[in-house]
Amino acid sequence: MPALLPQPTSLVPRAGQFVLSAGTGLTAPPAVADLVRELLGPATGFGFPPGPDIVLEVVDEPALGTEGYRLAVTPERIAAAGTEAGLRWAVQTVRQLLPVAAYGTAAQGDARWAVPCVDIVDVPRYAWRGCLFDVARWCHPVGFLRRFVDLMALHKLNTLHLHLTDDQGWRFEVRRYPRLTGVGGWRRESAAGHAREDRFDGVPHGGFYTQEELRDLVAYAARRGVRIMPEIDVPGHMQAAIAAYPELGNEPGTPVEVRTAWGISSRILNVAESTVTFVTDVLDELVDVFPFGYVHLGGDEVPPDEWLASPAARDRAAAAGLSTVEGLLGWWARRLAGQLAGHGRRAAFWDELLDHGAPAGSLIFAWRDAGKVTAAQAAGHDVVAVPQPYLYLDWAETDAPDEPLAIHAPLPLAKVYGYQPGGVYGVQGQLWSEYLPTAELVEWRAYPRLAAVAEVGWTDPQPRDFAQFRGRLAAHLARLDVLKVNYRPLDGPDPLSGA
Ligand code: ACM
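Residues 304 to 802 (our numbering) are what the sequence shown spells out, left to right.
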């Protein structure tokens with residue numbers, strides 16, 4: 304039996320196999336049939352004409368939830384049942400049951416496309432299984448974002464959290480405010496080496512995504528069962544926007560450039576009504592491009608110094624009945640969450656909002672430590688668990704000298720796999736990109752640890768058996784080899800695996 308990853312909830316191997324051929328006929332909802340042809344067509348060279356051999360049927364069975372599926376492979380046919388979302392995951396499972404050559408992009412005429420007979424019932428533990436990808440620090444090409452989505456879908460991860468704006472770059476085209484990308488999308492140079500070295504490369508960097516590119520990406524991801532949650536990070540992490548429109552800042556007389564260093568900027572949004580309107584204008588365009596039910600509004604790492612020094616901010620805090628100026632963080636959040644609610648969307652925030660009155664009904668991303676998960680739950684919020692000591696995949700796996708430069712270390716594979724999210728809404732890996740300027744480095748940090756996140760999120764195995772997971776993973780990596788993923792090999796220095 305091929306090594307499936309994530310491990311299905313229940314799997315019973317049966318005798319025999321089903322062998323795909325040019326005549327194998329397909330019955331499925333149109334979008335799922337397209338996915339079968341898109342995923343299995345290139346390597347097999349088969350067209351999957353209409354017919355009764357692979358039958359993927361939409362059923363409404365409460366036990367399967369919104370994303371679960373049943374899959375029965377017999378020598379006569381492949382049959383799956385589930386919601387349309389569940390059927391998409393069933394297709395990924397069939398793809399994993401095939402020889403790894405199925406992941407190839409060119410037809411392999413002499414291959415034998417056998418699927419071992421099996422009965423699978425598979426229902427994810429968590430509704431939200433995600434990955435944050437920071438495209439603000441480095442603007443990765445949209446073609447790489449499609450590949451990133453492909454790899455997420457292969458692991459049944461269903462949510463891409465796209466961090467689109469930060470101090471060092473604004474990547475979302477806003478038609479009403481073209482300087483956001485025209486100015487805010489470009490920085491003069493970037494940090495070289497680790498941030499603490501205070502060195503710079505002298506090389507301009509920038510770029511942005513048009514709304515059309517992002518709409519295409521959203522549709523591409525949706526075909527694979529991946530939703531995209533955009534993040535516009537306010538009221539801190541906004542130096543690129545303030546560089547483009549100085550009137551958004553607290554010191555319009557002291558212009559800033561798009562930030563070139565990593566780390567936290569002290570330049571934050573002011574609290575003028577016109578600035579609120581500016582941001583709500585941005586959100587109006589954002590929700591038009593991203594149909595997903597959640598929009599992330601940031602709220603992390605907001606140094607209050609500019610507000611403390613600003614009479615206008617102090618007046619605003621007093622008028623809003625806030626006991627501290629720092630409470631303006633909650634005031635910002637409530638204003639914007641209210642505007643999103645008018646669009647039928649829910650707001651998501653980093654866990655700093657717990658300290659300043661997170662809007663009721665908002666989704667909290669608990670990042671600073673695992674204790675924030677329980678704090679957010681105690682405050683009545685749905686929680687996506689992303690605690691940095693377990694799930695910040697931009698940390699290096701080890702602190703060995705041959706590791707590529709990283710913000711922090713170590714976060715070994717075994718520690719990621721050992722994470723116990725508890726009764727949360729979801730779980731998500733983070734790929735902040737300060738030290739990930741290239742696709743190769745993104746993949747090196749993402750895999751194989753994102754595969755561990757995927758299994759924690761889908762199967763939540765109890766107890767965790769790392770040795771068993773690692774054995775399946777070793778076989779799974781052969782798939783990533785065919786896809787030429789630049790993952791970090793397992794036989795590297797991994798202190799907990801003993802490899
Ligand atoms: C964060 O890592 N600043 C959410």
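Glycine is no exception: its CB is placed at the ideal position from the N, C-alpha and C atoms.
Measuring alpha carbon to alpha carbon, tell me which of the options ends up nearest residue i.
i    : options                   : result
G726 : Q691, A755 and V687       : V687
V561 : T462, G683, Q471 and Q642 : Q471
D425 : P538, V445 and A388       : A388
R450 : G774, A742 and A757       : A742
D702 : A544, P713, V521 and Y695 : P713
Q691 : T484, C434, A495 and W489 : C434
P662 : R671, A673, R649 and D672 : R649
P427 : S736, T386 and Q399       : T386
D784 : Y406, K459, G556 and P355 : Y406
P378 : D356, Y372 and L390       : D356
G446 : V521, G624 and F595       : V521
L708 : A644, P345, R638 and R748 : R748
L329 : E360, P309 and A306       : E360
G566 : G368, L342, G660 and I710 : I710
P352 : L343, A325, L338 and L374 : A325
L611 : G624, L631 and F595       : L631
A673 : D587, Y695, E609 and T347 : Y695
Q411 : G348, L465 and Q765       : G348
D608 : L572, V585 and P704       : L572
W698 : H659, G683, L739 and A682 : L739
Under 8 angstroms, do residue i and residue j count as touching if we go by C-beta distance?
i    : j    : result
D654 : A669 : yes
R527 : A456 : yes
V590 : H646 : yes
V788 : Q731 : no
V745 : H443 : yes
A547 : G487 : yes
A805 : L467 : Because the chain here runs from 304 to 802, residue 805 falls outside it and cannot be looked at.
A781 : V403 : yes
G721 : R752 : no
T563 : E492 : yes
R482 : Y512 : no
Got a sec, what are the start and stop residues for the alpha helix (DSSP H) residue i sits in?
i    : result
Y720 : L716 to Y720
S577 : E576 to V592
A742 : A742 to A749
A770 : F769 to V785
F447 : V445 to L457
L631 : L631 to G645
D608 : D608 to L611
W431 : Note, W431: premise wrong, no alpha helix (DSSP H); beta strand (DSSP E) at W431 to D437.
L753 : R752 to W761
P614 : P614 to A622
A546 : Q542 to A547
Which residues in the same chain have their Cβ closer than 6 angstroms to the Cβ of residue i, if we skip the five residues on either side of it in sequence?
i    : result
A417 : Q320 and V322
G801 : A caution first: G801 carries a pLDDT of 43, below 50, which makes its placement in the model too unreliable to give a value.
D603 : W653 and E655
P606 : S569
A678 : L657
L799 : Residue placement at L799 is flagged as unreliable, the pLDDT there being 42, under the threshold of 50; a coordinate-derived value is accordingly withheld.
W489 : G509
S736 : D437, R440 and W441
V315 : D422
H779 : A306 and L308
A336 : L329
V376 : F321, V418, C420 and V421
L448 : L520
L639 : L600
S313 : V424
Return the first residue and the last residue of the beta strand (DSSP E) that residue i is part of.
i    : result
E534 : R530 to V537
E360 : I357 to V361
A651 : R649 to W653
V600 : Inspection of the sequence shows that residue 600 is occupied by Leu rather than by Val. Per DSSP, L600 belongs to the beta strand (DSSP E) from Y597 to G601.
Going along the chain, which residues of its own chain have a beta-carbon closer than 8 angstroms to the beta-carbon of residue i, five neighbours each way excluded?
i    : result
P311 : T396, I423, V424, D425 and T762
Y728 : Y429, A430, W431, L666, D685, V686 and V687
A318 : C420
D797 : Legend: pLDDT at D797 = 41, less than 50; position of this residue unreliable, value from coordinates given subsequently. Cβ within range, chain order: E700, T701, P715, L716 and A717.
P594 : V521
L551 : M541, A544, I545, L572, N573, T578 and F581
E554 : R570 and E609
Please list, in chain order, all residues of the same chain as residue i whose beta carbon is under 7 angstroms from its beta carbon, the five residues on each side excluded.
i    : result
R617 : V628
H659 : E629, G630, L632 and G633
G795 : Any reading at G795 must be qualified, since the residue scores a pLDDT of 48, below 50, and its modelled position is unreliable; no value is offered.
A393 : L359, Y372, L374, A383 and G385
What are the start and end residues of each continuous alpha helix (DSSP H) run of 4 or more residues lying completely inside the segment 462 to 526, in chain order? 482 to 485 and 514 to 526
As an exercise, report each continuous beta strand (DSSP E) stretch of at least 3 residues that is fully enclosed by the segment 308 to 338, in chain order. 313 to 322
Residue ranges of each alpha helix (DSSP H) within the segment 657 to 742, 4 or longer: 674 to 681, 691 to 694 and 716 to 720
Output the residue ranges of the alpha helix (DSSP H) runs that lie fully inside the segment 361 to 427 and measure 4 residues or longer, sorted by chain position. 387 to 400
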